[in-house]
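Participant: Just passing along the structure, written as structure tokens.
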Ligand code: GLU
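Numbering (our numbering), first residue to last: 102 to 554.
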């Protein structure tokens, strides 16, 4: 790294030594920006970098709630308002025991550049809680959501900060959060996205991240004269992103053979067709069961419990043409990347946020794997959130067809932008550089225009 970027990285290591996920996200970003920073016309860009790694505001609060048995509980709530150069802070809420300030800062940092790539007017933010929705009753989740938003409500608003879902926060939670927000403010506004289409939500929002991921990956294959027809695919995770990734891949003639959750993964060599996918949707969204149940329902599939001692992630050991990590951060280690390369993987597109470690990304690049980084590949979700904000502001609802058309246009545009940016700055084929540089320049120029704030 050059002096300016190396110094900046040392600064965050010194200031926040325990924020390893945040450091990882910044490291990847600085590696790309490093390649252009000396060629930029103004030394002012260096000063913008200083500001970019510091959140505009980070809010931490306690979330008191009671179990169904009346036992008092306490969790920690977060909202990191990272950057508002391009619009109101925008980004999801994650409810998961692993959530801490490092995780929320890394997600808010990534979100800033992801939102920039969509071309819509959205700044970057992220929030959540270390609350674990697993095993909680509907009424416990409802009481938790009501308590969480009671504090968060004073920091957000349709023109200030617009949260949405992420891991552990889906349609049910958005409904509870919205209902309580409306009571507190006595106004019906588009302050949250991912709402039900019955009451202000956008069609295609649940599908958007998975569909968008496949649209972008299809554009990459198209550039190489290929398509998804007949391709075998690995998908990890089994939540919203994974489900709609499988749905879109099936519709394009691909065969998906894996899914996973925190307890393990299933391998179904005959493919997770639409009928089996319907089973997964009910299992995960309604009965909230484990993926192991899939192997009991469909005898052609095998279940592999997750190994406790780390090591290789089983999902990435099966032979396939394409891989879609859609579970969580750092689910593809260097070992996993080597396993995928060994089985001749052609394309990896990230549905989760930062699912590949820095070493893993290098291994893919060194071995000519087509690699689509999260901040571009999974931008479809927040893009349709941006379209939901537009629909709410104009108080109309678009048809599903119109939203899907816009989503396809946006994903193709993101791909063309990051491919051409990488080429322009001498990193042809490196879409990590393309996404980081394109995302950075837009946010940085807006900050310079606005007086370096
Ligand atoms: N949590 C999603 C993401 O990582 C969506 C955020 C949103 O819709 O605001 O991009």
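Where a beta carbon is used, it is the ideal one built from N, C-alpha and C, also for glycine.
Return the bridge partner residues of residue 166 from the DSSP annotation.
Facilitator: Answer by DSSP bridge pairing, in chain order: 174.
Participant: Between residue 368 and residue 403, which are expected to be in contact by the criterion C-beta below 8 Å, what is the C-beta distance as a whole number of angstroms?
Facilitator: Confirmed, Cβ separation roughly 5 Å.
Participant: Quick check on residue 544: buried or exposed, where buried means 16 or more other Cβ atoms within 10 Å of its Cβ?
Facilitator: That one is buried.
Participant: Where are the alpha helix (DSSP H) runs, 4 residues long or more, that stay fully inside the segment 407-478, in chain order?
Facilitator: Correct list: 435-443, 459-467, 475-478.
Participant: State the Cα-Cα distance for the pair residue 470 and residue 477, rounded to the nearest angstrom.
Facilitator: Cα to Cα, the separation comes out at about 17 Å.
Participant: Smallest Cα separation from residue 242: which of 510, 416, 174, 133?
Facilitator: Minimum Cα distance to residue 242 is reached at 174.
Participant: Do residue 192 and residue 310 have their C-beta atoms closer together than 8 Å?
Facilitator: No, Cβ-Cβ distance for residue 192 and residue 310 is not below 8 Å.
Participant: Got a sec? Which residues, its chain only, sit under 6 Å from residue 509 by beta carbon, not counting five neighbours each side?
Facilitator: So the list reads 316, once near-sequence residues are dropped.
Participant: Taking Cβ positions, are residue 365 and residue 407 nearer each other than 8 Å?
Facilitator: In contact: residue 365 and residue 407 (Cβ atoms closer than 8 Å).
Participant: Terminal residues of the continuous alpha helix (DSSP H) containing residue 329?
Facilitator: Note, residue 329: premise wrong, no alpha helix (DSSP H); not H, not E.
Participant: Check whether the Cβ of residue 294 lies closer than 7 Å to any heavy atom of ligand 1, and answer yes or no.
Facilitator: Yes, ligand 1 has a heavy atom inside 7 Å of this Cβ.
Participant: Applying the criterion that 16 or more other CB atoms from any shown protein chain within 10 Å of the CB defines a buried residue, is residue 277 buried or exposed?
Facilitator: With 16 or more other Cβ atoms within 10 Å, it is buried.
Participant: Runs of 4 residues minimum, wholly inside the segment 218-257: which ones carry the alpha helix (DSSP H) assignment?
Facilitator: Runs found: 239-253.
Participant: To the nearest angstrom, report how far apart residue 451 and residue 318 are at their CA atoms.
Facilitator: If I take the Cα positions, the gap works out to 10 Å.
Participant: According to DSSP, simplified to helix, strand and coil, what is residue 311?
Facilitator: Three-state DSSP puts residue 311 in a helix.
Participant: On the three-state DSSP scale, how would you describe residue 306?
Facilitator: Correct three-state label for residue 306: helix.
Participant: Taking its Cβ as the centre, do 16 or more other Cβ atoms sit within 10 Å of residue 143, making it buried, or is it exposed?
Facilitator: Residue 143 is exposed by the Cβ-count criterion.
Participant: Just the Cα atoms here: how many angstroms apart are residue 308 and residue 104?
Facilitator: Straight-line Cα distance between these residues: approximately 43 Å.
Participant: For residue 361, count the other beta carbons within 10 Å of its own beta carbon; 16 or more makes it buried, fewer makes it exposed. Which is it?
Facilitator: Residue 361 is buried by the Cβ-count criterion.
Participant: What is the residue span of the alpha helix (DSSP H) that residue 286 lies within?
Facilitator: Where residue 286 is concerned, the enclosing alpha helix (DSSP H) stretches over 272-286.
Participant: Look up residue 161 in the DSSP assignment and say whether it is helix, strand or coil.
Facilitator: In this structure, residue 161 counts as strand in the three-state DSSP scheme.
Participant: According to DSSP, simplified to helix, strand and coil, what is residue 339?
Facilitator: Residue 339 falls in the coil class under three-state DSSP.
Participant: Please report the straight-line C-alpha distance between residue 302 and residue 331, rounded to a whole angstrom.
Facilitator: The straight-line gap from Cα to Cα measures roughly 35 Å.
Participant: To which residues does DSSP link residue 179 through a beta bridge?
Facilitator: Partner(s): 161, 229.
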